[in-house]
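Colleague: Each step along the sequence shown adds one to the number in this note's numbering, with nothing skipped, and position 58 is 109. By construction, the Cβ of each residue, glycine as well, lies at the ideal position given by its N, Cα and C atoms. Small disclaimer: the values here were computed from a predicted structure and weren't measured. I'd like to ask some things about the structure below.
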Amino acid sequence: MPGQTRETPEEGDPVRKFYESLNQQRPDSAMAKKWLMQHGMLPKEIAAALFAQVKAQRSKKVAGAGNGRAKPQAKPQAKPKAKPQVKRKRVVKKEKSESESEEYIPKPTKRGRPKAADRDVFAGI
C-alpha cells in the first residue's frame with residue numbers, strides 16, 4: 052500500500068477501532084487519515100492521493116526553513132568583558148592557647164542543645 056510504514060493491526064485492537072471510528076465520524080480528520088494510511092487500512096486510491104500530499108508537504112519542509120520558525124538574525128559578536136579582579140583579604144587565624152580552648156563554651160542552638168560538632172568537644176569530659 053502507498054504510504055504504509057507499519058503493520059496492519061488486528062481487528063480487535065482498540066487503537067484500530069478508535070481510528071476507524073474517528074474516520075467514520077469525522078471524515079476530514081487528518082490524524083485519522085494519516086494513521087490509517089501508515090497502517091495500510093485506507094483504500095488504495097485514497098491512500099495514494101494522501102501519500103502524494105504528505106510527500107509534497109515533506110519536500111516543502113525540507114526545502115524551507117526547517118520547522119517554520121523565523122531564524123534569528125546573527126548579532127554582532129561583542130568582545131567578552133574582562134571581569135574586575137577582586138582583592139581578597141587574607142585572614143590570619145590566631146592560635147588558641149590552652150587556656151583559651153578550655154574557656155570555650157558552645158552557644159546553644161534553637162532547641163537548646165549544642166550542635167553535633169560542639170558536643171564532640173565535651174565528649175572527653
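If you run the structure through DSSP and keep just helix, strand and coil, what is Q75?
Modeller: helix
Colleague: Give me the residue from H90, G54, M52 with the minimum Cα distance to Y70.
Modeller: H90
Colleague: Could you name the residues of the same chain whose beta carbon sits closer than 7 Å to that of F102, not counting the 5 residues immediately before and after it, in chain order?
Modeller: P53, G54, M88
Colleague: Would DSSP call P65 helix, strand or coil?
Modeller: helix
Colleague: So L93 is in the alpha helix (DSSP H); what residue range does that whole segment cover?
Modeller: It is not in any alpha helix (DSSP H) - L93 carries neither H nor E in the DSSP assignment.
Colleague: Cα separation between R139 and K112?
Modeller: 57 Å
Colleague: Using the three-state DSSP reduction, which class does M82 fall into: helix, strand or coil?
Modeller: Looking at M82 - three-state DSSP - the assignment turns out to be helix.
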